[in-house]
Structures are given as structure tokens and as C-alpha cells.
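In the numbering used here, the protein residues as written are 261 to 557. First comes the structure, then the notes that go with it.
In C-alpha cells, the structure reads:
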């Protein structure tokens with residue numbers, strides 16, 4: 261890939277897990293961002309330990325040569341919480357705009373079981389037609405708010421949510437207008453579909469509407485164990501379902517070829533939640549960077 265078109269970033273979830281703060285609770289914000297910079301990344305997403313005052317956070321990141329590229333926002337349109345979601349979105353967008361980010365990664369969390377002690381495959385949410393309508397209308401609304409502010413909203417398809425599978429991504433993308441985009445996540449697609457071919461099919465179909473990319477690898481044997489034992493998403497994370505690119509079973513080369521062929525411009529963000537006690541964050545950040553730079557020239 262052309263290094264003038266893509267920029268490597270990393271998420272803080274490898275240092276401290278926001279869904280399970282006990283994982284990496286000992287790792288400070290300062291350690292996290294210093295090690296991101298030490299591993300050679302140009303930017304990051306935002307975690308729970310990050311200061312939320314733009315001036316202070318910008319100063320801390322500028323010292324390390326880092327830039328904020330995105331931050332997670334949970335939406336609850338299917339739950340009927342439209343006004344509160346729009347209010348939260350607007351504040352979140354202003355924070356990201358102040359930090360210089362161009363995209364806003366959102367996840368529709370109505371009925372999500374990603375943080376619950378429930379089997380991730382069997383208990384996932386399936387939206388009704390009415391709920392799909394609420395989601396589409398809500399995302400079209402925040403998509404326009406973002407566009408009016410020179411930014412782009414992208415949906416993060418995610419395990420345990422109503423937009424988990426390729427078919428659900430299709431339904432979402434066909435229901436929303438052209439001011440709503442996709443956050444493409446390699447690990448979540450392979451996890452959901454048990455197929456790298458489907459991962460690539462989704463990329464081919466929506467490459468022109470992808471504005472942010474999360475790169476995570478999966479350990480197929482661990483995902484199979486989650487299915488067999490009917491484990492929760494968080495139990496799977498603890499046991500190592502995810503890892504950094506180059507350390508698991510995904511072949512990333514075809515995905516990078518497709519992104520390059522179709523002129524993708526934007527961030528490639530390592531976002532691979534693991535237990536930091538088992539996967540040292542700096543070691544795995546270095547490992548990810550070394551692997552990814554083989555593809556970026």
C-alpha cells in the first residue's frame with residue numbers, strides 16, 4: 261500500500277480494556293501513549309483513561325507525535341433513545357473535531373450482548389423491521405450532522421450487536437443514505453462468519469464507503485472454542501480470540517491489495533483486545549507494526 265495514502269494507528273484497548281477495566285488496570289494513560297509512539301504508530305483512538313479536555317490531551321499526544329483518529333460512540337436508536345443519542349453524538353463529534361479527527365466510529369448498542377455473560381453467537385440481538393427503521397433514520401440524521409461539520413459517521417459492525425453478520429451489514433448499508441459510511445473490521449467479520457472469503461466479499465462490496473479500518477487478527481481455534489462452549493464475547497477475549505495482525509490466522513495481503521486497488525485513503529488501526537498480562541502491549545504493538553510495514557511502501 262502507498263504510505264502517502266494510509267496512516268498506521270493503534271487503539272488503547274491492548275493496554276486497558278474499557279469493557280473489562282481489570283484487564284490492564286495497572287497500565288497508565290502515559291505508559292499507553294508513550295508505548296504507542298515507541299512502537300512507531302502515528303495516531304490512536306481514545307480509551308477510558310484518556311483525558312477528555314482537548315487542550316490537555318492534544319498537548320500529551322503532541323509531545324509523542326500522536327494524533328487522535330477516532331473514538332468509539334455507542335448509539336441506541338433501536339431502543340428508541342433517539343434524542344439522547346443525538347445529544348451524546350453531538351458532544352462526541354465536537355470533541356473529535358477539536359482533536360483533528362475526520363471520522364466518528366459508532367456502534368449500535370441497542371440489545372447488545374458484547375459486555376454480558378451470555379453466549380455471543382446464540383444470544384446476539386436480531387433487530388425487528390421497526391428497529392431497523394429506527395437505526396437507519398437515526399444514522400441518516402447523525403450522518404448529516406457530521407457532514408455539516410466536515411466529518412463522516414461510520415458504523416462499526418461488532419460481535420454481539422444487531423449488526424454483526426455480513427447480511428446485517430448489507431441490510432444496514434442498503435437502508436442508510438450516502439452520508440453514512442462503514443468502519444471495516446477484519447477480526448469481527450472473520451469471527452462472525454468463520455470465513456476470510458466473506459471478509460473479502462464485504463470489503464469488495466463496500467470499499468467505496470469504507471472510511472476507517474480496524475485491523476485485528478483472530479485465533480480460529482479460540483473462536484471455535486467460543487462456539488462449542490457457548491462462551492460470552494468477553495470470555496473469548498480473555499482466552500485470546502483476538503490478536504494483532506500477523507499473529508493469528510487471517511491472511512491480510514488480499515485485503516490490503518483490494519484497499520490499494522480501490523484507492524483507500526485513511527487510517528489503518530490496530531485494534532486487538534487481549535489480556536495485557538498474557539500479551540504485553542508494547543511487545544504486541546511492535547509485532548503488529550513490523551508486520552504491517554511489510555505492506556506499506
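Beta carbons are placed, not taken as given, at the ideal position from N, Cα and C, and that holds for glycine. If you're wondering where the values come from, they're calculated on a predicted model, not measured in any experiment.
| Asked | Found |
| --- | --- |
| Only counting the same chain, and skipping five residues up and downstream in sequence, which positions put a Cβ closer than 6 angstroms to that of residue 514? | 460 |
| Using only CA atoms, which one of 266, 275, 450 lies nearest to residue 476? | 450 |
| What are the boundary residues of the alpha helix (DSSP H) that includes residue 392? | 389 to 408 |
| Along the alpha helix (DSSP H) that carries residue 322, what are the first and last residues, could you check? | 314 to 322 |
| Any contact of the region 434 to 446 with the region 392 to 409, i.e. 3+ C-beta pairs under 8 angstroms? | yes |
| Keeping to the same chain, check which residues put their C-beta closer than 6 angstroms to that of residue 548; ignore five residues upstream and five downstream. | 504, 505, 530 |
| Would you tell me roughly how many angstroms separate the C-alpha atoms of residue 368 and residue 396, rounded to the nearest one? | 10 angstroms |
| I need the boundaries of the beta strand (DSSP E) containing residue 444, first residue and last residue. | 440 to 445 |
| Out of 263, 298, 286, state which residue places its alpha-carbon closest to the alpha-carbon of residue 543. | 298 |
| CA-CA distance, residue 381 and residue 487? | 7 angstroms |
| Which residue wins for smallest C-alpha separation from residue 332, given the options 365, 325, 308? | 365 |
| Bridge partners for residue 327 per DSSP, in chain order? | 303 |
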